[in-house]
Amino acid sequence: MARLLDQIDSPADLKRIPIGELPQLAEEIRQEMIAILAKNGGHLGPNLGVVELTIALHYAFQTPQDHFLFDVSHQGYVHKLLTGRRDRFTTIRQPGGLSGFFSREESEHDCYGAGHAGTALSAALGMAVGRDRRGSNENVVAVCGDAAFTCGITYEALNNVCDQTKRLIVVLNDNEWSIDKNVGAIASYLSRIVSHPAYSWLRDRAEEFLMKIPSRGVLRAARKAEEAVKGLLLPSVIFEELGLTYYGPVDGHDVAMLISMFEFLKHQEHPVLFHVLTQKGKGFAPAMEKQKKFHGLGPYHPVTGETPASSAVTCSQVFADTLVKLADQNRNVVAITAAMPNGTALDRFQPKFPDRYFDTGIAEEHAVLFAAGLATKGFKPYCAIYSTFLQRAYDQIIHDVCLQNLPVVFCMDRGGLSGDDGPTHHGLFDISYLRCVPNITLLHPKDEDELADMLFTAMHHPGPVAIRYPRGAGSGVAVKPFPELIPIGRAEVLQHGRDVAIFGLGMMVPMACELAAALGAEGISAAVINPRTVKPLDRGTLEFFGRSVDAIVTIEDHVLAGGFGSLVLEALSESGIAVPVVRIGWPDQYIEHGKVDQLRKKYGLTAEAALEKLRPLLKRTPSSFGEIA
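In the working numbering, the protein residues as written are 70 to 698.
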């Protein structure tokens with residue numbers, strides 16, 4: 070029997086399928102995602118939870134004329150399958166293939182790209198106001214997970230909705246999870262709505278009522294229908310007070326009910342919030358049993374959900390295990406995460422010190438301010454936030470932590486390329502945005518053991534410290550039983566040389582060693598230096614090599630603009646040292662998703678590429694020295 074999914078190359082094709090057959094389509098979509106993501110990896114659990122919701126959206130609305138914004142758009146896989154990308158779905162998250170997020174460059178059906186929570190409602194309101202000003206009539210729908218309502222940005226937008234537009238649909242997709250179980254008063258509030266004693270009675274009768282709403286007569290009977298649908302309304306003071314009429318909660322897996330409700334809501338002349346209940350991982354038992362694991366993962370067995378065993382210890386795990394050791398020794402050590410206990414590995418810390426573990430929800434600005442407040446009371450906060458997400462708290466870093474010189478430690482996971490997740494998740498800008506801030510100390514370890522030492526050193530440092538380290542496994546170096554202090558502002562010379570000095574930042578040290586070996590094979594003596602401290606820079610070591618070698622090479626997993634190589638050039642210039650510098654790093658552009666090794670080769674972050682850039686300098690005379698970048 071031919072699959073319904075194989076008949077869909079556009080949303081128009083979807084509308085030809087009778088509503089009664091849509092549950093079959095939903096099952097086919099789930100099986101398609103389970104099979105393909107078993108090979109590619111990806112955000113399986115979130116997408117299994119929004120299958121019926123996405124089908125209903127496309128059945129009731131029409132993209133690209135109507136606009137859907139998903140918060141976060143890693144829940145856009147079903148949307149991609151229904152909007153002409155089914156034949157390329159096997160390429161998702163693969164080099165040159167489909168992005169794992171909405172992408173305006175990828176399809177006209179993706180009206181807005183996003184890679185982090187809290188953005189959809191503000192952007193949707195902007196689109197709605199733009200529509201109103203232009204005099205057009207398209208629908209704008211913001212699909213926000215319940216975790217998005219832990220973001221301050223979402224409430225800033227809610228505060229403005231009713232004053233700025235009369236037509237906006239907000240879908241609250243409530244599955245009680247972000248990456249981990251949602252926390253805080255908002256999660257409890259939504260739980261109280263769902264557990265209201267009237268909910269079961271309403272749930273059983275909602276579909277019967279909605280099916281009676283005439284599809285063509287909705288507009289004429291809008292006011293009457295609205296009052297009738299108020300029967301679905303449960304305690305919803307927050308949303309009502311903010312000016313959004315609340316409907317729900319309803320079963321987010323009942324596709325017929327969802328379609329009827331969207332047909333009704335799209336004719337309302339006031340902002341609405343539609344509360345739907347979905348189950349993350351629905352349709353795949355392993356994903357339902359282990360929702361945290363299946364939020365986003367690599368390849369897995371398509372039946373059992375088992376993932377390949379790995380003995381490699383990740384940098385995140387080293388961070389968390391070291392923090393446990395520090396907390397054992399120092400009762401003032403506390404850990405803070407912004408809804409990323411699993412991604413940052415702080416779920417290894419929380420069971421041991423539950424009273425010293427704080428999850429702020431997806432609220433990075435609050436997390437940093439909260440850490441600052443704790444620091445004023447003598448605590449040592451370790452604030453673990455991905456490099457790319459810490460950008461959201463930049464103002465708080467500058468004005469609330471560094472200006473007051475408070476001893477907060479920023480543990481920047483995913484410092485460097487993040488591979489398959491693409492440009493929204495690459496941590497390629499943190500050196501640039503942090504090294505200009507007074508009072509901060511910026512560290513970057515060459516391996517796992519040095520990461521532990523830096524965490525220990527930060528505990529003893531009286532001011533703010535930022536430590537960047539990469540995603541995944543490090544170099545496999547064993548970690549000492551207990552860390553040691555390292556000298557801040559002093560580089561480590563790993564290998565002496567007289568012709569070339571190679572500064573390999575952080576986990577790029579192995580590439581620096583590879584380049585030194587290649588130079589050695591050609592009779593060129595190369596020194597290898599592990600900078601360790603980006604700020605303050607070890608100017609003594611830099612000046613020594615700057616005055617004694619023919620060329621300097623800097624290698625960093627960071628953009629060249631404002632990065633470590635730029636810092637080296639500035640320091641040499643200030644010291645009046647005219648030595649040629651070859652900078653190896655990422656170009657001034659957003660880097661696509663793909664495999665790390667392949668992307669490094671494509672953009673010249675290899676020992677071979679560095680050697681080719683260096684060779685011309687070694688043939689020049691000192692009078693011709695200048696920068697090659």
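C-beta: ideal position from N, C-alpha, C; glycine also. Note that this is a predicted model, so its numbers are computed, not measured.
- Annotated three-state conformation of Y502 is helix, per DSSP.
- Here R504 is buried. Its C-beta has 16 or more other C-beta atoms within 10 Å.
- In this structure K335 does not touch V402 by the C-beta definition: roughly 52 angstroms separates them, more than the 8 angstroms allowed.
- As the crow flies, the alpha-carbon of R669 is around 6 angstroms from that of T675.
- The DSSP-derived three-state label of F170 is coil.
- By the neighbour-count definition (other C-beta atoms within 10 Å, threshold 16), L554 is an exposed residue.
- G321 and G165 have their C-alpha atoms spaced approximately 33 angstroms apart.
- As the crow flies, the alpha-carbon of E639 is around 18 angstroms from that of V618.
- In chain order, I328, F331, E332 and K335 place their CB closer than 7 angstroms to the CB of A129, counting only its own chain and leaving out the 5 sequence neighbours on each side.
- Contact check for I593 and L524: beta-carbon distance about 37 angstroms, past the 8 angstroms limit, so the pair fails to qualify.
- In this structure, DSSP gives K604 an extended state, which the three-state scheme calls strand.
- The DSSP-derived three-state label of C213 is strand.
- With respect to D140, C213 sits close: the two C-beta atoms are nearer than 8 angstroms.
- Rounded to whole angstroms, the gap between the alpha carbons of R85 and L150 is 16 angstroms.
- Between the C-alpha atoms of G365 and D75 there is a straight-line separation of about 26 angstroms.
- If you draw a straight line from the Cα of A595 to the Cα of I500, it comes to about 26 angstroms.
- Counted as a single uninterrupted DSSP element, the stretch harbouring E625 is not any alpha helix (DSSP H) but the beta strand (DSSP E) occupying residues A620 to V628.
- In the DSSP secondary-structure assignment, N242 is bridged to G214 and V345.
- Distance from the CA atom of K682 to the CA atom of D390, rounded to whole angstroms, is 40 angstroms.
- For M330, there is no enclosing beta strand (DSSP E); the enclosing alpha helix (DSSP H) has its first and last residue at V324 to L334.
- Within the model, the alpha-carbon separation for L641 versus L611 is close to 8 angstroms.
- Considering only Y538, P552 and G543, the residue with the shortest C-alpha distance to T602 is Y538.
- Approximately 7 angstroms separates the beta-carbon atoms of A453 and I405; this is inside 8 angstroms, confirming the contact.
- Rounded to the nearest angstrom, the gap between the Cα atoms of F633 and F572 is 9 angstroms.
- With a contact defined as Cβ atoms closer than 8 angstroms, V198 and T234 qualify at about 6 angstroms.
- Every alpha helix (DSSP H) stretch that sits fully inside the segment 92 to 158 and reaches 4 residues is listed by chain position as 113 to 117, 120 to 129 and 146 to 151.
- Secondary structure note for A453: its beta strand (DSSP E) is the uninterrupted segment K449 to A453.
- V372 counts as exposed, since fewer than 16 other C-beta atoms from the protein chains shown sit within 10 angstroms of its C-beta.
- Rounded to the nearest whole angstrom, the C-alpha separation of Q473 and M102 is 49 angstroms.
- Within the same chain, Cβ atoms closer than 7 angstroms to the Cβ of T159 are found at I105, the five residues on either side in sequence being excluded.
- According to the DSSP assignment, C480 belongs to the beta strand (DSSP E) that extends over V478 to M481.
- Comparing C-alpha distances from F308 to each of V319, G367, G374 and L241 shows the shortest one belongs to L241.
- Pairing A547 with E519, the inter-Cα distance amounts to about 10 angstroms.
- Q398 carries a helical assignment under DSSP once its states are collapsed to helix, strand and coil.
- Around the beta carbon of A436, 16 or more other beta carbons lie within 10 angstroms, which makes this residue buried.
- The three-state reading of DSSP puts Y315 in strand, counting E and B together.
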